[in-house]
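Only one structure is covered here, and it is reproduced in the block below.
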Amino acid sequence: MGMYLNPGNSGFTRIRNDIYVDKSGLISLINETIETPRLLTCVSRPRRFGKSFAAKMLCAYYDKTCDSSALFDDLAIAQDEKFNKTYRQHLNQYDVIYLDMTNVLGKADSDSIVPFIQNSVTEELLEAYPDLKVGNVFDETLLHTAELTGNKLIMIIDEWDAPIRETPKSQKPYLDFLRTLFKSSGTTDQIFAAAYMTGILPIKKDGSQSAISDFKEFTVIKPRKFGGYVGFTETEVKRLCEEYHCDFEKMKRWYDGYWFRDTGSIYNPNSVMEAIRNDDFDSYWTQTSAAGSLMGYISMDFDGLSKTVAELIGGGEVKAEPRGFLNDLVTIRNRDDVLTILTHLGYLAYDERTGKVRIPNEEIHMEFTRIIREVKRDDTIRRVRESEQLIYDTVHENAEAVAKQIEKIHSEESPLHYNNEQALRSVIKRAYFSFGDEYVLFEELPAGGGYADVVYLPKKDSMMPALVVELKWNKTAEGAIRQIKKRHYPSAIQEYGGDILLVGINYSKEAPPGERKHTCIIEKYQMKTDHE
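Residues 5 to 536 in the working numbering are what the sequence shown spells out, letter by letter.
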């Protein structure tokens with residue numbers, strides 16, 4: 005067993021010894037590519053979304069120097085008819101070259117990454133095959149290995165993009181190295197039966213014909229058939245919650261929010277497991293190295309970015325165009341690039357049905373709420389202060405001040421887009437975007453005889469009153485309050501036991517020019533009012 009050649013199955017054994025969610029179906033997707041024109045696969049997903057688990061599983065499965073039957077025989081790859089056709093055919097049949105690029109970066113200087121890899125792998129190949137002829141260049145050595153053994157290699161690269169993210173000056177020689185392995189006409193398919201790369205970023209675009217373009221890519225924006233392996237599916241999380249007696253609805257609110265067309269809901273796997281182990285729903289995001297990068301991106305000086313961030317924190321969705329992103333962390337040219345990076349890092353979820361991004365869940369919302377107060381941009385500082393003042397005015401029933409601030413936020417909207425209650429709701433959420441310290445946001449909350457438009461429910465340690473907000477368009481704020489009472493909206497949150505404020509907001513769109521304005525009424529909810 006080597007470090008780079010045939011690392012064995014000890015890594016996957018440790019994974020199996022803990023709480024394990026069966027993701028072995030991934031193996032069948034790679035088996036389908038072996039000895040085909042589709043033999044190169046690159047799957048990108050955020051940190052702590054199981055990339056290394058998948059890489060260790062693949063090593064254990066393909067490595068010919070170990071017997072991994074006991075690790076896989078009870079898993080879907082062996083048991084499920086959808087997957088098991090190729091299970092025995094490829095189990096422990098290949099020499100595996102495994103590169104964990106974060107590990108490599110810890111051992112090699114940034115200007116010697118490629119020679120370090122070449123020398124380390126060659127040394128282990130010679131140890132395994134003393135008669136091996138070392139070529140003048142690295143890919144020749146690999147080709148001679150395949151010829152000597154009569155069997156092509158499997159290559160697995162974990163955190164493939166680490167040199168691009170962390171040591172930009174090593175980017176060119178590193179990409180050139182990958183091109184020699186995976187772009188050489190006629191040699192790649194003579195050396196490799198298959199190759200699997202995983203990382204955070206998709207393969208870098210450099211506009212040249214020599215780009216590493218032969219890989220079939222599956223990203224967090226469009227994972228296609230790999231969607232179910234990006235994180236935990238809803239079915240898997242429900243099963244875990246039943247087994248370990250966890251509140252599924254809380255698990256969903258905290259760690260769900262990613263959605264893929266062929267899969268449905270996807271949960272952050274690391275956070276789900278930490279919540280189970282610790283019996284505590286909390287943000288485990290701060291324990292990843294990705295946490296430190298959010299500040300830098302949302303502080304960037306692009307037109308409209310501050311407003312966009314406020315809208316996202318407020319619970320809104322915004323349009324994003326990911327196709328122009330060059331897939332590195334240096335060439336950031338506009339707002340869309342920032343939103344795309346945050347999506348690849350897991351801070352935002354992209355919905356391909358709408359082309360919009362949003363903050364996916366409570367865990368990530370906590371990180372945005374925490375970081376936004378540290379941003380030094382004047383417009384961001386102003387927005388935070390204004391939102392905090394709005395919450396203060398609402399809690400203290402200063403309806404006139406509330407209406408005035410909502411009017412101010414509305415003035416930033418395009419008149420063409422401000423044309424219905426949905427647009428009004430978007431403005432409300434952006435106005436109250438700093439709610440995260442004290443509240444949890446619910447929209448269209450089933451309540452009494454209908455659905456409450458917006459509810460801000462206090463967190464456990466908050467002393468704030470709950471806010472039940474009803475929105476009206478071309479009607480009256482008084483009518484909004486009447487609807488809240490008539491349909492018993494507060495009944496949905498009575499169990500929380502604290503004070504409840506009813507907030508009615510109307511916009512008079514059809515009033516004469518100069519008289520169109522927002523009006524607001526705020527009342528304390530009296531429990532007896534609905535039952536007299």
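Ideal placement from N, C-alpha and C gives every residue a C-beta, glycine not left out.
If you draw a 10 Å sphere on the C-beta of GLU404, you find fewer than 16 other C-beta atoms in it, and that means exposed.
The DSSP assignment places 55-66, 73-76, 80-83, 91-94 and 105-111 as complete runs of the alpha helix (DSSP H) inside the segment 43-128, in order along the chain (cut-off: 4 residues). Around the beta carbon of LEU9, a 10 Å sphere encloses 16 or more other beta carbons of the protein chains shown; the residue is thus reported as buried. Where ARG281 is concerned, the enclosing alpha helix (DSSP H) starts and stops at 273-282. Taking a contact as a CB-CB distance under 8 Å, the pair TYR288 and ASN274 counts as one, their CB atoms being some 6 Å apart. Taken in chain order, the segment 308-348 contains no complete beta strand (DSSP E) segment of 3 residues or longer. DSSP, reduced to helix, strand and coil, places ILE216 outside both helices and strands of the structure shown, so it counts as coil. Under the three-state reduction of DSSP, ILE204 is assigned to coil, being neither helix nor strand. Around the beta carbon of GLN93, fewer than 16 other beta carbons lie within 10 angstroms, which makes this residue exposed. Of TYR65, VAL118, ARG377 and VAL313, the smallest CA-CA separation from ASN96 is found for TYR65. The alpha-carbon of LEU75 is positioned some 10 Å away from that of ILE19. Under the 10 Å beta carbon count, ASP78 is surrounded by fewer than 16 other beta carbons and is classified as exposed. Selection ARG281, SER28 and TYR259 evaluated against TYR248 yields ARG281 as nearest (Cα-Cα).
Counting C-beta pairs closer than 8 Å gives fewer than three between the segment 361-381 and the segment 491-507, which falls short of the contact rule. Taking one beta carbon from each stretch, the segment 127-145 and the segment 179-194 have 3 or more pairs nearer than 8 Å; the two touch.
Below 8 Å, enough C-beta pairs join the segment 457-467 and the segment 432-448 to call them touching: three or more. Between the alpha carbons of ALA279 and ALA59 lies a gap of roughly 24 Å. In this structure, LEU205 is the residue among ASP465, LEU205 and ASN424 with its C-alpha nearest to the C-alpha of LEU346. The alpha-carbon of GLU253 is positioned some 15 Å away from that of PHE236.
According to DSSP, ALA198 shares a beta bridge with ILE158. Per DSSP, reduced to three states, the secondary structure at SER269 is strand.
Straight across, the Cα-Cα distance linking SER28 with ALA80 is about 6 Å. Judged by their CB atoms, ILE410 and HIS522 are nearer to each other than the 9 Å cut-off. In the three-state reduction of the DSSP assignment, ILE525 falls in the strand class. Beta-bridge partners assigned by DSSP to TRP263: SER269. The beta carbons of PHE437 and ILE317 sit closer together than 9 Å. GLY508 carries a strand assignment under DSSP once its states are collapsed to helix, strand and coil. Here the alpha carbon of LYS111 sits roughly 45 Å from the alpha carbon of ARG386. The beta carbon of ALA407 is closer than 7 Å to those of HIS522, THR523 and CYS524 in its chain, skipping five residues each way along the sequence. If you draw a straight line from the Cα of ASP397 to the Cα of THR344, it comes to about 35 Å.
Closest by C-alpha distance to ILE509, out of ASN402, TYR91, TRP258 and SER72, is ASN402. When the alpha-carbon of LYS476 is set against those of LYS464, VAL342, ILE485 and MET304, the nearest one is in ILE485.
For LYS360, the enclosing beta strand (DSSP E) has its first and last residue at 360-362. For VAL459, the enclosing beta strand (DSSP E) covers residues 454-462.
When DSSP states are grouped into helix, strand and coil, VAL444 belongs to the strand group. Pairing MET467 with ARG377, the inter-Cα distance amounts to about 21 Å.
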